[in-house]
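In my numbering, the protein residues as written are 36 to 152.
Ideal placement from N, C-alpha and C gives every residue a C-beta, glycine not left out.
Structure first, then comments.
Next up, the structure:
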């Protein structure tokens, strides 16, 4: 954290880290996005977390747009300062899930912290 290093990307040799990030955000969109079928986003909205779901949907869309811009400009080095807005958005997305959404639902949160490995 705070020390970006492209060698620690998910796929540093193949250069597919941005594609992996795109796929992960697509899954978030499938789970939380507005759909014709029920998903976690619609269930959470119905359970009283509509504001949190709206925020999460906005952040997912924002992250996808930022990532697409980086891909179009062929920017792959995480040390490039143009990555910072995407990192900030993903941090806000994480906060929106764990602080806004969980607290808006009638559940007791017992979330184990994971380092992503």
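C-alpha distance - residue i paired with residue j, whole-angstrom precision
| i | j | result |
| --- | --- | --- |
| residue 73 | residue 132 | 18 Å |
| residue 77 | residue 62 | 15 Å |
| residue 84 | residue 103 | 29 Å |
| residue 106 | residue 64 | 19 Å |
| residue 109 | residue 118 | 12 Å |
| residue 80 | residue 112 | 37 Å |
| residue 88 | residue 142 | 16 Å |
| residue 137 | residue 129 | 11 Å |
| residue 60 | residue 68 | 11 Å |
| residue 115 | residue 134 | 29 Å |
| residue 71 | residue 54 | 26 Å |
Helix, strand or coil at residue i according to DSSP, with G and I counted as helix
| i | result |
| --- | --- |
| residue 88 | helix |
Residue of the options minimising C-alpha distance to residue i
| i | options | result |
| --- | --- | --- |
| residue 100 | 82, 79, 84, 122 | 122 |
| residue 66 | 141, 75, 139 | 75 |
| residue 139 | 52, 120, 90 | 90 |
| residue 96 | 114, 58, 52, 135 | 58 |
Sequence-distant residues of the same chain with beta carbon closer than 7 Å to residue i, five excluded per side
| i | result |
| --- | --- |
| residue 153 | This structure leaves residue 153 out entirely; the chain is present only between 36 and 152. |
| residue 127 | 94 |
| residue 56 | 102 |
Neighbourhood of residue i by C-beta distance below 6 Å, restricted to the same chain and skipping five residues each side
| i | result |
| --- | --- |
| residue 120 | 101 |
| residue 82 | 140 |
* **alpha helix (DSSP H) segments (min. 4 residues) lying fully within the stretch 52-140** => Fully enclosed alpha helix (DSSP H) runs of 4 or longer: 52-67, 75-79, 85-107, 119-130.
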